[in-house]
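Residue 845 is where the sequence shown ends in the numbering used here, and the numbering goes up by one at each step.
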Amino acid sequence: MPQLTAVRDKLITELIELSADPETARVALGLGKAGGTGAEGLRTALARNESLRAAPTTPALRRYTGVLYDALDAGSLTKAQRARADERLAIGSALFGVVRAGDAIPGYRLSGGSKLPGLPTLASLWKPALAPALRDATAGRLVVDLRSGSYQQLGRLPGAVTATVLTERPDGSRTVVSHFNKHHKGLLARALATTRAEPGDIRAVARVAEKAGLRVEIASSSELLVLT
């Protein structure tokens with residue numbers, strides 16, 4: 618997406634410069650104190666950001682880690698499944714806006730909620746470029762948007778299907794639990810990335826999810842509930 622290049626370059630430059638000031642970087646990036654237990658993590662993050670323009674790269678689907686990616690389990694995909702995942706999956710990024718699963722990217726530290734000194738919010742920086750880029754790239758296609766709120770704010774995609782993961786309590790009430798939210802979104806992403814079907818609406822998305830063993834309800838024409 619060439620229309621994202623200018624914002625990407627600006628943020629890369631800012632992160633490299635920020636790395637020269639560990640304390641300011643620590644606060645801006647939400648890292649542990651330089652002299653405390655988070656010191657090693659801070660040094661690693663600053664080293665990665667400082668070398669962004671020359672760092673080795675790896676496909677995005679392998680670069681990102683965490684509960685969602687553990688559940689997606691890209692390493693276990695067959696060659697055919699990986700090809701479908703590379704074609705279908707895109708990942709929201711605070712630094713790059715959005716990347717395809719197979720795009721080669723360096724390691725970095727910047728989250729959707731970060732605020733870099735002297736710059737507007739990431740949402741203010743990204744919206745003018747990312748929102749139209751997403752619309753153009755997905756025109757005529759069904760999109761299931763599994764991004765968290767801070768990443769959706771970088772560039773919204775009207776008309777996308779969203780998924781809300783709710784954990785049921787013994788009394789029947791439902792609530793959002795962060796770990797289960799990420800885990801089940803990872804399972805749903807894997808199911809949609811690897812299915813041979815081509816879902817065209819939310820009902821088809823629900824069928825794919827159910828076939829993968831997920832318990833779902835259709836809340837509206839654009840919202841799927843995933844129950845745990």
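Using N, Cα and C, we set each Cβ at its ideal position, and we do this for glycine too.
Measure the Cβ-Cβ separation of residue i and residue j and say whether it is below 8 Å.
{"i": "I708", "j": "A662", "result": "no"}
{"i": "L763", "j": "A806", "result": "yes"}
{"i": "L759", "j": "D818", "result": "yes"}
{"i": "A700", "j": "A718", "result": "no"}
{"i": "A823", "j": "I835", "result": "yes"}
{"i": "L804", "j": "A829", "result": "yes"}
{"i": "L771", "j": "A750", "result": "no"}
{"i": "A810", "j": "L706", "result": "yes"}
{"i": "V624", "j": "G714", "result": "yes"}
{"i": "L635", "j": "N666", "result": "yes"}
{"i": "V761", "j": "H801", "result": "no"}
Find the nearest neighbour of residue i within the set the options, judged by alpha-carbon distance.
{"i": "Y725", "options": "L646, I835 and A780", "result": "L646"}
{"i": "A672", "options": "G789, R705, L809 and I629", "result": "I629"}
{"i": "L727", "options": "R820, I633 and L685", "result": "I633"}
{"i": "L659", "options": "T674, L669, T675 and T641", "result": "T641"}
{"i": "G722", "options": "S710, G730 and S731", "result": "For the sequence presented, residue 722 should be read as Ile rather than Gly. Closest by alpha carbon: S710."}
{"i": "G729", "options": "S837, W743 and G735", "result": "W743"}
{"i": "A756", "options": "D687, P639, H796 and G776", "result": "G776"}
{"i": "A688", "options": "S839, N798 and P745", "result": "N798"}
{"i": "H796", "options": "S765, S839 and D720", "result": "S765"}
Name the two residues that bound the continuous alpha helix (DSSP H) containing residue i.
{"i": "R705", "result": "K696 to R705"}
{"i": "R752", "result": "L739 to A754"}
{"i": "R758", "result": "Careful: R758 lies outside any alpha helix (DSSP H) and carries neither H nor E."}
{"i": "L685", "result": "V684 to L689"}
{"i": "L727", "result": "Looking at the DSSP string, L727 is not in any alpha helix (DSSP H), and its letter there is neither H nor E."}
Along the beta strand (DSSP E) that carries residue i, what are the first and last residues, could you check?
{"i": "R832", "result": "R832 to S837"}
{"i": "L771", "result": "Here L771 belongs to no beta strand (DSSP E), and DSSP marks it neither H nor E."}
{"i": "R717", "result": "G714 to R717"}
{"i": "L763", "result": "Looking at the DSSP string, L763 is not in any beta strand (DSSP E), and its letter there is neither H nor E."}
{"i": "L842", "result": "E840 to L844"}
Which whole-angstrom value is the C-beta distance of residue i and residue j, which I expect to be below 8 Å?
{"i": "V793", "j": "V782", "result": "7 Å"}
{"i": "T845", "j": "T784", "result": "5 Å"}
{"i": "R679", "j": "A691", "result": "6 Å"}
{"i": "L712", "j": "E631", "result": "No, L712 and E631 are not in contact; Cβ-Cβ is about 10 Å, not under 8 Å."}
For the ligand MN, is there any heavy atom lying closer than 7 Å to the beta carbon of residue i?
{"i": "S838", "result": "The ligand MN is not part of the structure shown, which contains no ligands of any sort."}
query: Which whole runs of the alpha helix (DSSP H) in the stretch 775-819 are 4 residues long or more, in chain order?
result: 795-811
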